[in-house]
Amino acid sequence: MKYRLSSCAILGLVLTISTIATIQSGASQKKLSLFTFLSLERDVSIQLSFDVAHFKSNKLKSEPYNGLFSIYSTAKNNLVLGCEVLIRGDYRRKHFDFPPFHLNFDRSQLKDMSFKKVDDFKFVSHCMNKKGSAQTLIKEYLAYQIYATLTDYAYQTLLLPISYLDITNGKRKESFVIMLESDDDLVGRLGAKWSKQDIGKPELIDAYSYETFAYFNI
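Okay, so the sequence shown: first residue is 976 according to the working numbering, each after it adds one.
Written out as structure tokens, the structure reads:
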């Protein structure tokens, strides 16, 4: 679609396509997804620039917002991508100040920057603008991490420092955000495949995975 656990200095440099290609050739012969790229970077922070005020005041509507997703790292592997910001989560959008969201990236831009054309990523936000919200978010991140130690059938996650920049008034909010690997990344990592058939049939459910999930949620 078209469109800090450590402190990082925000740099205004854009990572060139050739630099990304160099990084990827050193890490793997295959193209990396945006999630994998971020997971390989050290001391990375992100900035999301969009109409934050309208996003918060109209959180009950599923309205897309044009935004810029900027990545900064101490290694100066910096880049800026256009994206669409969309609110997700029925319960949290009704009860929290800043609901979770997902970002849709332009597949052609990802391709031009030598990334895999994985364009949809979910993010878990700080949700509440009050003291202790960051600690609550970190606890949620740790829950993801603990579950991932029990089974491979779990989303990989990143805890990233983020700066939300409101393009309408210049106001900035510093916080943390959880980024989840995409569904396509998960399927590829597990060597699985998508299926629309026989969903929910008991005989097709892996018993160990089901029991692990059930016990973890008690």
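Idealized CB from N, CA, C, for every residue including glycine.
Per DSSP, the bridge partner or partners of residue i
i	result
Leu-1007	Phe-1090
His-1077	Leu-1061 and Lys-1097
Ser-1020	Tyr-1047
Ser-1138	Gln-1022 and Glu-1149
Leu-1056	Phe-1044
Thr-1132	Leu-1155
Among the options, the one whose alpha carbon lies nearest that of residue i
i	options	result
Leu-1161	Pro-1075, Val-1093 and Leu-1135	Val-1093
Ser-1100	Tyr-1128, Phe-1080 and Val-1060	Val-1060
Leu-1134	Lys-1171, Met-1154 and Asp-1127	Met-1154
Ala-1028	Ile-1113, Asp-1158, Ser-1045 and Lys-1148	Lys-1148
Ser-1150	Ser-1024, Tyr-1119, Leu-1015 and Ser-1108	Ser-1108
Glu-1186	Asp-1095, Gln-1084 and Tyr-1122	Tyr-1122
Ser-1184	Ser-1157, Leu-1078, Ser-1138 and Thr-1124	Thr-1124
Ser-1037	Gly-1064, Leu-1043, Asp-1141 and Tyr-1190	Gly-1064
Gln-1084	Gly-1057, Lys-1106, Tyr-1040 and Ser-1157	Gly-1057
Asp-1081	Lys-1146, Leu-1043, Leu-1015 and Ala-1118	Leu-1043
Asn-1079	Phe-1188, Leu-1013, Asn-1053 and Ser-1157	Ser-1157
Phe-1025	Phe-1191, Asp-1141, Leu-1117 and Lys-1086	Asp-1141
Ala-1118	Tyr-1040, Ser-1032, Phe-1188 and Phe-1030	Phe-1188
Phe-1010	Asp-1095, Tyr-1066 and Tyr-1128	Asp-1095
Asp-1159	Ala-1129, Pro-1136 and Pro-1039	Ala-1129
Leu-1013	Thr-1126, Asn-1053 and Tyr-1139	Asn-1053
His-1070	Lys-1176, Tyr-1139 and Lys-1031	Lys-1031
6 Å Cβ shell around residue i - same chain, five flanking residues per side excluded
i	result
Ile-995	Summary for Ile-995: the model assigns pLDDT 46, below 50, so the residue's position carries little reliability; its value from the coordinates is reported in the next sentence. These residues qualify, in order along the chain: Met-1088 and Ser-1089.
Lys-1091	Lys-1006 and Ser-1008
Lys-1045	Per the sequence shown, the amino acid found at residue 1045 is Ser instead of Lys. Result list for Ser-1045: Gln-1022 and Val-1055, in chain order.
Ile-1062	Lys-1034, Arg-1068, Pro-1074 and Phe-1076
Asp-1072	Met-1103 and Asn-1104
Lys-1097	His-1077 and Leu-1155
Phe-1191	Tyr-1122
Ile-998	The predicted model places Ile-998 with a pLDDT of 47, which falls under 50 and marks its position as unreliable, so this point remains unresolved.
Lys-1086	Lys-1092
N- and C-terminal bounds of the beta strand (DSSP E) containing residue i
i	result
Arg-1147	1147-1155
Phe-1030	Counting along the chain, Phe-1030 falls outside any beta strand (DSSP E), though it belongs to the alpha helix (DSSP H) covering 1027-1032.
Gly-1042	1040-1048
Residues of its chain near residue i, where Cβ-Cβ distance is below 8 Å and the 5 sequence neighbours each way are ignored
i	result
Asn-1144	Ala-1028
Ile-1193	none
Ser-1048	Cys-983, Glu-1016, Arg-1017, Asp-1018, Val-1019 and Ser-1020
Thr-1132	Tyr-1116, Tyr-1119, Gln-1120, Ala-1123, Ile-1153, Met-1154, Leu-1155 and Glu-1156
Ile-1137	Ser-1020, Ile-1021, Gln-1022, Leu-1023, Glu-1149, Ser-1150, Phe-1151 and Val-1152
Asp-1181	Tyr-1128
Residues near residue i in its chain [Cβ-Cβ closer than 7 Å; skip 5 each side]
i	result
Gly-1001	Only weak support exists for where Gly-1001 lies, its pLDDT of 49 falling under 50; the value from the coordinates is given anyway. So no residue of the chain qualifies.
Bounding residues of the alpha helix (DSSP H) (the contiguous stretch that carries residue i)
i	result
Gly-1163	1158-1165
Phe-1191	1182-1191
Ile-1114	Rather than Ile, the amino acid found at residue 1114 in this sequence is Lys. 1108-1125 is the extent of the alpha helix (DSSP H) around Lys-1114.
Cβ pair count under 8 Å reaching 3, the region 1163-1177 against the region 1102-1118:
no
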